[in-house]
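The structure under discussion appears below in the form of structure tokens.
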Amino acid sequence: MSLALSTQFVCFLLLSVAVLLGALGVVLLPNVVYSAFLLGGVLLSMAGLYLLLNASFVAAAQILVYVGAVNVLILFAIMLVNKRQPLRPMRALLLRRLLSVGVCLGLLALLLQVALTNPWALPGPPSIGEAALTRIGEHFFTDYLLPFEVASVLLLMAMIGAIVLARRDVLARDVVTGEPADQALLERQRPPLLSSQDGSTPSVPSP
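Okay, so the sequence shown: first residue is 1 according to full-length UniProt numbering, each after it adds one.
Structure (structure tokens):
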């Protein structure tokens with residue numbers, strides 16, 4: 001095995017481990033902010049895997065769209081909403097965990113069967129080099145125009161929903177429950193920065 005192949009194999013192993021550990025952290029960590037950051041790490045690791053496959057455009061799109069837009073939107077929605085709900089005991093928690101583990105193990109077994117039974121060492125299509133960007137653009141605006149536009153509309157709806165959730169306290173009534181919204185946060189008066197404890201403005205000593 002040459003040095004280039006050895007380096008590529010080591011990079012593939014490191015990126016694969018990063019994807020697996022990050023995905024487990026996204027699912028298992030109780031802090032949703034840490035999960036969102038780990039999701040960004042998973043997406044960056046996947047972009048590295050695309051680079052190993054000589055798919056530079058897909059790697060750049062992965063970083064710009066998923067890491068730079070979707071993951072940042074998730075982080076903003078989490079930090080701006082900051083919705084605290086009282087924890088309640090869940091019914092049949094053990095049964096739910098067993099069902100989740102069973103579904104995950106079934107999917108893992110299916111993926112392992114596909115990975116081990118399919119012949120992957122097949123000659124791929126010839127590389128077209130810089131013409132790949134032109135070919136992708138042609139497919140985006142001809143064959144895949146409708147899915148491309150639907151995806152943009154879905155992202156716009158997600159952004160609008162995050163803004164509505166973050167500014168829910170501005171509304172007179174909650175859009176979900178219909179109860180009057182708490183306006184104390186907006187109506188609270190704050191003292192000026194240059195004020196003393198009794199509320200009077202301190203005098204600035206003359207030089």
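The beta-carbon is built from N, C-alpha and C at its ideal position, and this holds for glycine as well. Predicted, not measured: the structure shown is a model, and the values here were computed from it.
Residue i classed as buried or exposed, judged by whether at least 16 other C-beta atoms fall within 10 angstroms
{"i": "Ser-100", "result": "exposed"}
{"i": "Gly-68", "result": "exposed"}
{"i": "Ala-59", "result": "buried"}
{"i": "residue 208", "result": "Residue coverage of the chain in this structure runs from 1 to 207, which leaves residue 208 outside it and unanswerable."}
{"i": "Asn-31", "result": "exposed"}
{"i": "Ala-109", "result": "exposed"}
{"i": "Ala-121", "result": "exposed"}
{"i": "Gln-62", "result": "buried"}
{"i": "Leu-52", "result": "exposed"}
{"i": "Asn-71", "result": "buried"}
{"i": "Leu-3", "result": "exposed"}
{"i": "Leu-44", "result": "buried"}
{"i": "Leu-13", "result": "exposed"}
{"i": "Leu-64", "result": "exposed"}
{"i": "Leu-111", "result": "exposed"}
Residue i versus residue j: straight-line alpha-carbon distance, rounded
{"i": "Ser-145", "j": "Met-46", "result": "Before going on, a small fix: residue 145 reads as Leu here, not Ser. Computed Cα separation, rounded: 25 Å."}
{"i": "Leu-98", "j": "Ala-18", "result": "26 Å"}
{"i": "Pro-126", "j": "Ala-132", "result": "11 Å"}
{"i": "Ala-77", "j": "Val-150", "result": "21 Å"}
{"i": "Phe-148", "j": "Pro-89", "result": "42 Å"}
{"i": "Leu-107", "j": "Phe-9", "result": "26 Å"}
{"i": "Tyr-50", "j": "Ala-36", "result": "21 Å"}
{"i": "Thr-117", "j": "Val-153", "result": "39 Å"}
{"i": "Gln-113", "j": "Gly-25", "result": "25 Å"}
{"i": "Val-102", "j": "Tyr-66", "result": "It should be noted that the sequence gives Gly, not Val, for residue 102. Rounded to whole angstroms, Gly-102 to Tyr-66 spans 29 Å at the Cα level."}
{"i": "Leu-5", "j": "Leu-28", "result": "34 Å"}
{"i": "Ala-55", "j": "Leu-105", "result": "31 Å"}
{"i": "Gly-48", "j": "Ser-16", "result": "10 Å"}
{"i": "Met-157", "j": "Leu-73", "result": "12 Å"}
{"i": "residue 260", "j": "Leu-93", "result": "The requested residue 260 is not part of the displayed model; the chain covers only 1 to 207."}
{"i": "Pro-123", "j": "Glu-138", "result": "25 Å"}
{"i": "Leu-20", "j": "Ala-115", "result": "16 Å"}
6 Å Cβ shell around residue i - same chain, five flanking residues per side excluded
{"i": "Gly-22", "result": "Leu-38, Gly-41, Val-42"}
{"i": "Phe-141", "result": "none"}
{"i": "Arg-188", "result": "With a pLDDT of 49 at Arg-188, under the threshold of 50, the modelled position of this residue cannot be trusted; read the value that follows with caution. The answer is none, since no qualifying residue turns up."}
{"i": "Leu-155", "result": "none"}
Neighbourhood of residue i by C-beta, 8 Å cutoff - its chain only, sequence neighbours within 5 removed
{"i": "Ala-33", "result": "Going by the sequence as given, residue 33 is Val instead of Ala. Leu-75, Ile-78, Met-79, listed in sequence order."}
{"i": "Ile-128", "result": "Arg-135"}
{"i": "residue 208", "result": "Any answer about residue 208 is impossible in this case: the structure gives the chain only from 1 up to 207."}
{"i": "Cys-11", "result": "Gly-48, Leu-52"}
Spatial neighbours of residue i in its chain, beta-carbon cut-off 7 Å, leaving aside the 5 residues before and after
{"i": "Phe-57", "result": "Ala-132, Leu-133, Ile-136"}
### Message
Report the start-end ranges of each beta strand (DSSP E) in the stretch 22–67 that is 3 residues or longer and not cut off at the edges.
### Response
none
### Task
Please specify which runs of the beta strand (DSSP E), each continuous and at least 3 residues long, are wholly inside the stretch 79–157, giving them in chain order.
none
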